[in-house]
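Under the UniProt record's numbering, the first residue of the sequence shown is numbered 1, with each subsequent residue one higher. Shown next, in structure tokens, is the structure this report addresses.
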Amino acid sequence: MTTTSAPTTAITHIAQLVTNDPSLGEGPLGLIQDAAVVIDGDRIAWVGPSSKAPATDNAVNAVGRAGLPGFVDSHSHLVFAGDRTEEFNARMSGRPYSAGGIRTTVAATRAAADDALHANVARYLAEGLRQGTTTQEIKSGYGLTVEDEARAVRIAAAHTDEVTFLGAHIVSPDYADDPAGYVELVTGPMLDACAPHARWVDVFCERGAFDGDQARAILTAGQAKGLVPRVHANQLGHGPGVQLAVELGAASADHCTHLTYADIDALAQSDTVATLLPGAEFSTRAKWPDARPLLDAGATVALSTDCNPGSSFTSSMPFCIALAVRDMGMTPDEAVWAATAGGARALRREDVGRIAPGARADLLLLDAPSHVHLAYRPGVPLVTDVWHKGVRL
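Here it is as structure tokens:
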């Protein structure tokens, strides 16, 4: 009896390869010069110098391009319909951002057909993939009824394994005069309907959304259903979100724009990842998150797009890397690590965010000799080749 296996492929003459594995190369990024990567099926089989690459069925010459892991976008809101151009235009003309704009998208999303929502998700996933994003988290949060939130997580689950139940995005307009009743809905029938399709539970712990007590009730209810917490924390001002995330063992506290020294210390002493979302500050002209105190304290930092139609309508991880380097106190190495390995940590994944034997074969090549060009040449489409689960796209 004979067996067959997928053909192996060697990508050689990578000018500089980011592995994110210090045991394989230089520094925290595990850099290898003139590197090669061998792909076997959907996994990385070998990594090392091109001169030592083993024989394979196929070969791709990177001709001096830089290589790095596929980006891991650990925070996005892709199940939506409608357009908020007018809101953005008005905000850029002087109106400040508040959480209330979400209601506009809720109305449009409720009215949209399933096919339209699926098509929207597929469109933005493809857009991100062309720019190197190979792992994508997707939240619900624009339905805010039991039926619409359940529909949102089902649609998200058709496109990714990283699905987050965010029924607690804002208090539903239907419960504007009864926020306590809405929390009961979220922690009861809505959670029951959504939990089978989700891995994570999230809450927007912020003024205009949910306070600390409400957030705790929602997150602990989600934990009781087997979901792992994530928290929208400290975006618009100081609040309890970060401390609550750490207390409950959340995988990530996202935004982290307004932090106290106690918040920074709590994150540094925990496994909760501080996920920074510079697209939101760019699109709202808000204060930039400062990554430097977090990094200096030893906290784990991730970068993500926060792709959503209201406050951060970008799917570009390279753009977020450039913003982080320019305006958030990160070095190019730190920003690239945060957009790859940091995102994987925020999703508690070991198989993505790195290029090492056994990892999923998600990697990209740049039309540049170094990953530093992602910040050095902002706005330029540098990603030339993407492999996702071992398939060249």
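Note that beta-carbon positions come from the ideal geometry of N, C-alpha and C, so glycine has one too.
- Collapsing the DSSP output to three states places Glu350 in coil.
- Apart from sequence neighbours up to five positions away, the residues of its chain that approach Glu149 with a beta-carbon distance below 6 angstroms are Ser140, Gly143, Gly167, Met190, Cys194, ordered along the chain.
- Counting the other CB atoms within 10 Å of its CB gives Asn58 a total below 16, which places it among the exposed residues.
- Ala266 places its beta carbon less than 7 angstroms from that of Val246.
- It is roughly 46 angstroms from the alpha-carbon of Gly64 to the alpha-carbon of His238.
- When the beta-carbon positions are compared, Asp254 and His77 stay at least 7 angstroms from each other.
- For Trp288, no alpha helix (DSSP H) encloses it, and the DSSP letter there is neither H nor E.
- The C-beta separation of Gly358 from Gly41 comes to about 12 angstroms, leaving the pair out of contact by the 8 angstroms criterion.
- According to DSSP, residue pairing for His255 in a beta bridge involves Ala233.
- Here Leu365 is not near Asp333, since their CB atoms are 7 angstroms or more apart.
- Arg345 places its beta carbon less than 7 angstroms from that of Val273.
- The segment 160-177 makes contact with the segment 197-212: 3 or more CB pairs, one atom from each, lie closer than 8 angstroms.
- A Cβ-Cβ separation of about 6 angstroms places Gly342 in contact with Leu303 under the 8 angstroms criterion.
- Taking a contact to require three or more Cβ pairs closer than 8 angstroms, the segment 12-25 and the segment 42-51 qualify as touching.
- As computed with DSSP, Ser172 is found in no beta bridge at all.
- Burial is judged here by how many other beta carbons sit within 10 angstroms of a residue's own beta carbon; Ala81 has at least 16 and is buried.
- Taking C-alpha positions only, Ser5 is separated from Ala198 by approximately 33 angstroms.
- By the 16-neighbour rule on beta-carbons within 10 angstroms, Arg95 is exposed.
- Of the other Cβ atoms in all chains shown, fewer than 16 fall within 10 Å of the Cβ of Glu26; this residue is therefore exposed.
- In the same chain as His388, and ignoring 5 residues on each side of it, the C-beta atoms closer than 7 angstroms to its own belong to Gly70, Leu129, Thr134, Asp362, in chain order.
- About 6 angstroms separates the CB atoms of Pro289 and Met328; that is less than 8 angstroms, so the two are in contact.
- The shortest C-alpha to C-alpha distance from Lys225 to any of Gln243, Leu244, Pro196 is the one to Pro196.
- Put simply, the backbone Cα of Pro54 is about 28 angstroms away from that of Leu382.
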